[in-house]
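K.L.:
In the working numbering, the protein residues as written are 25 to 303. We put the CB at the ideal spot given by N, CA and C, even for glycine. Quick caveat: nothing in here was measured; it's all calculated off a predicted structure.
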């Protein structure tokens, strides 16, 4: 395991920022953020994990790290995102526990499926297994709730909508449960810092990634879904066990919004600790 702090990793000419905190000899946990957030969204969860003896590596992913923002929409396919995480795991030099939220959850599912020898356990937050999510689109109201994914395929329009202070994009984020502090962080870390285009690249590369979403996961897995999530229905959670062959637990958080790491850090940290401790 890495005995010194890791602040950056490099891959294919890109440089990724890493927030490496907690006890140096702690059990390694890789944290993957979602859209439209960055690695800082894990701060409250990380603090509690450190108290339990865990060392956390929160990765500013492709499109978000200033040194890793390819302009091509085809640079954000799931295989590239997985390879970025694997580069961090290789730098840590030991198998890790992986935790992901939102898009970070989709990436975490794929990392666990592609590299089971490098992943000791998986905790996926909000987003179900991608194969289950796709199935839920044709068997529930999920397709209607995912309308924004189609809208994000448009050139330039989503950038303008989300960049405008007080505009429609901001209203959608507030309706999903983001509070004023989170909105201001979004404006500073995503809009003002130039990470918005890269974050949207994940959605725009979905057609390239679809074929990789059916891979099954064999590592011990916990999926956390909240019944107050305005973007994700229960159907994906119900279908997810079809894609997990190892030990599996579903945790339903009652009354929580989509933004579990920010708004329910104590509960989420306890869930992560329980999964880590099970291995």
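Strictly under 9 Å for the Cβ-Cβ distance: is residue 207 near chain B by that measure?
P.N.:
Given the protein chain composition of this structure (a single chain), no chain B is represented.
K.L.:
DSSP state of residue 237, grouped into three classes?
P.N.:
Counting from one through the chain shown, the residue named residue 237 turns up at place 213. Three-state DSSP puts residue 237 in coil, outside helix and strand.
K.L.:
Are there any heavy atoms of the ligand SAH lying less than 8 Å away from the beta-carbon of residue 85, as far as the coordinates show?
P.N.:
Absence of the ligand SAH is noted for the structure shown, with no ligands found whatsoever.
K.L.:
Quick test of your reading: residue 250 and residue 150, contact by CB under 8 Å. State the CB separation rounded to the nearest angstrom.
P.N.:
Reading the chain shown from its first residue, position 226 is the one you call residue 250. Reading the chain shown from its first residue, position 126 is the one you call residue 150. Contact holds; Cβ gap of about 7 Å.
K.L.:
Give the DSSP-derived three-state secondary structure of residue 301 in the structure shown.
P.N.:
In the chain shown, the residue the question calls residue 301 occupies position 277. Three-state DSSP puts residue 301 in a helix.
K.L.:
Run through DSSP, which three-state label would residue 296 get?
P.N.:
Walking along the chain shown from the start, residue 296 turns up at place 272. It is helical.
K.L.:
DSSP three-state label for residue 193, please.
P.N.:
For the purposes of this step, residue 193 is identified with residue 169 of the chain shown, where counting begins at 1. Three-state DSSP puts residue 193 in a helix.
K.L.:
Hey, how far is the Cα of residue 239 from the Cα of residue 253?
P.N.:
As a working note, residue 239 is residue 215 in the chain shown. As a working note, residue 253 is residue 229 in the chain shown. The alpha-carbon atoms of residue 239 and residue 253 are separated by roughly 25 Å.
K.L.:
Specify the secondary structure class of residue 167 as computed by DSSP and reduced to three states.
P.N.:
Along the chain shown, one-based indexing puts residue 167 at 143. In this structure, residue 167 counts as helix in the three-state DSSP scheme.
K.L.:
Tell me whether residue 105 sits in a helix, a strand or coil according to DSSP, three-state version.
P.N.:
Counted from its first residue, the chain shown places residue 105 at position 81. It is helical.
K.L.:
Residue range of the beta strand (DSSP E) that residue 154 falls in?
P.N.:
The residue given as residue 154 occupies position 130 in the chain shown. It is not in any beta strand (DSSP E) - residue 154 instead sits in the alpha helix (DSSP H) that spans 154–161.
K.L.:
By Cβ distance, which residues of its chain are closer than 7 Å to residue 280, with the 5 residues on each side in sequence left out?
P.N.:
Walking along the chain shown from the start, residue 280 turns up at place 256. Only 250, 252, 287 and 288 meet the Cβ criterion.
K.L.:
Do residue 105 and residue 247 count as a contact pair if the criterion is CB distance below 9 Å?
P.N.:
Stepping through the chain shown from its first residue, residue 247 is reached at position 223. Stepping through the chain shown from its first residue, residue 105 is reached at position 81. No, they are not a contact pair.
K.L.:
Quick one: what does DSSP say residue 147 is sitting in, helix, strand or coil?
P.N.:
For the purposes of this step, residue 147 is taken as the residue at position 123 of the chain shown. It is a strand residue.
K.L.:
Can you grab the Cα-Cα spacing for the pair residue 187 / residue 215, in whole Å?
P.N.:
What you label residue 187 is simply residue 163 of the chain shown in a count that begins at 1. What you label residue 215 is simply residue 191 of the chain shown in a count that begins at 1. About 6 Å.
K.L.:
Suppose contacts are defined by Cβ-Cβ distances below 9 Å. Is residue 78 in contact with residue 53 by that definition?
P.N.:
Here residue 78 is taken as the residue at index 54 of the chain shown, counted from 1. Here residue 53 is taken as the residue at index 29 of the chain shown, counted from 1. A contact, by the Cβ cut-off of 9 Å.
K.L.:
Return the CA-CA distance between residue 102 and residue 163, expressed in angstroms with no decimal places.
P.N.:
Position 78 of the chain shown holds residue 102. Position 139 of the chain shown holds residue 163. Each residue's alpha carbon lies about 24 Å from the other.
K.L.:
Helix, strand or coil: how does DSSP classify residue 286 here?
P.N.:
Residue mapping note: residue 286 aligns to position 262 of the chain shown, counting from 1. If DSSP states are grouped into helix, strand and coil, residue 286 belongs with the helices.
K.L.:
Output the distance between the C-alpha atoms of residue 119 and residue 144, rounded to the nearest integer angstrom.
P.N.:
Position 95 of the chain shown, counted from the first residue, corresponds to residue 119. Position 120 of the chain shown, counted from the first residue, corresponds to residue 144. Going by the C-alpha atoms only, they are around 6 Å apart.
K.L.:
How would you write the range of the beta strand (DSSP E) that residue 41 sits in, first residue to last?
P.N.:
Residue 41 sits at position 17 when you count from the first residue of the chain shown. Segment 38–45, the beta strand (DSSP E) holding residue 41.
K.L.:
Pull the bridge partners of residue 124 from the DSSP assignment, please.
P.N.:
In the chain shown, residue 124 corresponds to position 100, counting from 1. Answer is 56 and 148.
K.L.:
Between residue 222 and residue 228, what straight-line distance do the alpha-carbon atoms span, to the nearest angstrom?
P.N.:
If you number the chain shown from 1, residue 222 lands on position 198. If you number the chain shown from 1, residue 228 lands on position 204. The alpha-carbon atoms of residue 222 and residue 228 are separated by roughly 10 Å.
K.L.:
Using a 10 Å radius around the Cβ and a threshold of 16 neighbouring Cβ atoms, would you call residue 126 buried or exposed?
P.N.:
Taking the first residue of the chain shown as position 1, residue 126 is located at position 102. Counting Cβ neighbours within 10 Å, residue 126 comes out buried, since at least 16 surround it.
K.L.:
Do you know offhand how far residue 147's Cα is from residue 283's?
P.N.:
Taking the chain shown and counting its residues from 1, the one referred to as residue 147 is at position 123. Taking the chain shown and counting its residues from 1, the one referred to as residue 283 is at position 259. Distance between the alpha carbons of residue 147 and residue 283 is about 15 Å.
K.L.:
Which first and last residues belong to the alpha helix (DSSP H) in which residue 204 is found?
P.N.:
Translated into positions along the chain shown, residue 204 becomes position 180. That run of the alpha helix (DSSP H) goes 204–210.
K.L.:
Measuring CA to CA, which of 296, 48, 219 and 255 is closest to residue 28?
P.N.:
In the chain shown, residue 28 corresponds to position 4, counting from 1. Per the Cα distances, 48.
K.L.:
For residue 245, which three-state DSSP category applies?
P.N.:
Mapped onto the chain shown, residue 245 falls at position 221. Three-state DSSP puts residue 245 in a strand.
K.L.:
Could you have a look at residue 33 and say whether DSSP puts it in helix, strand or coil?
P.N.:
As a first step, residue 33 is located in the chain shown; it is residue number 9 there, counting from the start. Residue 33: strand per DSSP, three-state reduction.
K.L.:
What's the call for residue 231, buried or exposed, on a 16-neighbour Cβ count within 10 Å?
P.N.:
Here residue 231 refers to the residue found at position 207 when the chain shown is read from its first residue. With fewer than 16 Cβ atoms within 10 Å of its Cβ, residue 231 is classed as exposed.
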